[in-house]
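In the working numbering, the protein residues as written are 1441 to 1573.
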């Protein structure tokens, strides 16, 4: 059984103030083989400017011998991630995709990144039977 990570990301990811954000911390500690990132339009634009996520994955692979996680990006055109009506369905869609693609794998969920509305979508425990928080 492999471990995968489902993570929304915000402006504190992957780093903030020269310290690991939630995403990097989880990757260092749990070392998921695959990381699914849920990206809003703001985070896509920030990543286009500075390549933050590829840099993060390269850095962590250099620092931890033998660790080379796969990055899967789930890009959305969501401009307002604080609107529950906008984030709910696409976030559910990504979770369903992960569960279809990885039915036997353990799913880790990053509950520290993203907006409070995104966190609420991920906290609903009744839809997670193979998920660890």
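For every residue, glycine included, the Cβ atom is placed at its ideal position computed from N, Cα and C.
What is the rounded straight-line gap between the Cα of residue i and the Cα of residue j?
i, j, result
"residue 1473", "residue 1547", "11 angstroms"
"residue 1448", "residue 1502", "24 angstroms"
"residue 1485", "residue 1516", "11 angstroms"
"residue 1458", "residue 1536", "34 angstroms"
"residue 1556", "residue 1507", "31 angstroms"
"residue 1476", "residue 1511", "6 angstroms"
"residue 1538", "residue 1479", "15 angstroms"
"residue 1443", "residue 1509", "10 angstroms"
According to DSSP, residue i sits in a beta bridge with which residue or residues?
i, result
"residue 1447", "1477, 1550"
How is the alpha helix (DSSP H) around residue i delimited, first residue to last?
i, result
"residue 1458", "Element bounds for residue 1458: n/a, residue is neither H nor E."
"residue 1498", "1492-1503"
"residue 1513", "Where residue 1513 is concerned, there is no enclosing alpha helix (DSSP H), although the beta strand (DSSP E) it sits in stretches over 1510-1515."
"residue 1525", "1524-1541"
"residue 1558", "1556-1563"
Kindly indicate which residue of the options has the alpha-carbon position closest to the one of residue i.
i, options, result
"residue 1500", "1460, 1563, 1524, 1444", "1460"
"residue 1441", "1543, 1535, 1489, 1553", "1543"
"residue 1493", "1518, 1552, 1453, 1527", "1453"
"residue 1530", "1561, 1471, 1487, 1463", "1561"
"residue 1497", "1532, 1541, 1563, 1468", "1468"
"residue 1471", "1532, 1527, 1446, 1450", "1446"
Specify the secondary structure class of residue i as computed by DSSP and reduced to three states.
i, result
"residue 1470", "helix"
"residue 1518", "coil"
"residue 1418", "The requested residue 1418 is not part of the displayed model; the chain covers only 1441 to 1573."
"residue 1544", "coil"
Counting only beta-carbon separations shorter than 8 angstroms, does residue i have a partner in chain D?
i, result
"residue 1507", "Protein chain content of the structure displayed is limited to a single chain, and chain D is not contained in it."
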